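Peer 1: When you read off a place in the sequence shown, starting at 1, and then add 2, the result is the number in my numbering. All C-beta atoms in this analysis are idealised placements derived from N, C-alpha and C, irrespective of residue type, glycine included. Predicted model only: the values in this text are computed from it and were never measured.
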Amino acid sequence: MKDTELMGLTGKVAVITGAARGQGAAEAALFTELGADTVLTDVDDADGEAVAAKLGHRATYLSHDTASAAGWARVVETVAGRYGRIDILVNNAGVYWKNDLADWPEADLRALLDINLVGPVLGMKAVVPVMSRGGSIVNVASISGMRGHAGALPYAASKWGLRGASRSAAREFAPLGIRVNCVCPGAVDTPMVDAANLDLSHLPIPRPASPEEIAVTVAFLASDASAYTTGTDVVVDGGATA
């Protein structure tokens with residue numbers, strides 16, 4: 003069986019947040035390659051539009067603040083108006099800021115939680131009414147949401163919360179035929195993470211993941227190939243949590 007048949011994204015309508023660069027851009031590229039009509043969203047309009055243009059006619063870009071309920075309403079209305087439905091939501095948008103907790107300004111703490119946790123929850127709330135039966139939601143968390151992370155407490159808290167929200171949503175949306183899963187990457191070679199300066203020599207696979215390696219896992223969970231998988235975390239971390 004061909005990969006495109008196994009992944010089963012042909013004819014699907016997908017929304018991917020944080021898709022202007024890095025991991026989100028890699029996911030968008032793979033989704034379009036696998037046949038999905040893919041809507042990229044981000045706040046970085048220049049890069050987002052450039053990525054969508056490069057991917058061709060199956061890709062479109064929408065400017066989108068994921069922490070805004072009104073922003074989600076506009077995206078869902080636009081996508082559903084064009085395609086009639088949404089089959090896949092990938093909540094990929096996120097930020098990674100480090101600081102000792104004593105030095106965190108309250109405004110930054112709230113901003114991080116809004117982007118990393120409130121945004122995905124708002125997204126699920128907005129998308130589910132127009133999501134087709136058999137739809138899939140993939141939330142991108144982190145292994146920081148599976149253990150402690152000194153110097154990044156708010157980030158870790160946001161990812162722990164996203165894992166919990168995903169499991170609760172998997173149960174709540176199950177009667178609608180909608181699956182919800184989390185991908186939990188470790189170090190990924192993206193602009194958000196300075197992977198070149200990380201010491202990963204202790205890992206069983208002693209290097210960062212490429213964005214494309216994370217994208218493959220996201221595509222699997224988005225596709226019908228994972229039709230019996232919901233409410234779980236898929237860890238892609240080179241063995242960091244082994």
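(1) Given A30, which residues of its chain have a CB within under 7 Å of its CB, disregarding the five upstream and five downstream residues?
(2) Whole alpha helix (DSSP H) runs in the stretch 167-228 with 4 or more residues, listed along the chain?
(3) Using DSSP's beta-bridge definition, name the partner residues of D39.
(4) Can you check whether the CB of I145 is closer than 8 Å to the CB of A69?
(5) Below 8 Å CB to CB, which residues in the same chain sit around R135 once its five sequence neighbours on both sides are set aside?
(6) Check this for me: beta carbons of V238 and V185, under 8 Å apart or not?
(7) So, do the stretch 153-161 and the stretch 199-214 have three or more beta carbon pairs nearer to each other than 8 Å?
(8) Helix, strand or coil for R76, going by three-state DSSP, please let me know.
(9) Reducing DSSP to helix, strand and coil, say where N94 ends up.
(10) Considering L64, what are the terminal residues of the beta strand (DSSP E) in which it resides?
(11) Among G10, D49, M9, which has the Cα closest to the Cα of R23?
(12) Going by the CB atoms, is the gap between A242 and G153 shorter than 8 Å?
(13) Compute the beta-carbon to beta-carbon distance between L223 and S170, rounded to the nearest angstrom, for a pair I have assumed lies under 8 Å.
(14) From this set, G26, A27, W99, which residue's C-alpha is nearest L111's C-alpha?
Peer 2: So, to answer that:
(1) I18, A21, T40, L42, V53, L57, A61
(2) 213-224
(3) V15
(4) Not in contact: A69 and I145 (Cβ atoms no closer than 8 Å).
(5) L178, G179, I180
(6) yes
(7) no
(8) helix
(9) coil
(10) First-last of the beta strand (DSSP E) with L64: 61-65.
(11) D49
(12) The answer is no: Cβ separation not under 8 Å.
(13) Not confirmed; about 17 Å, so no contact.
(14) W99
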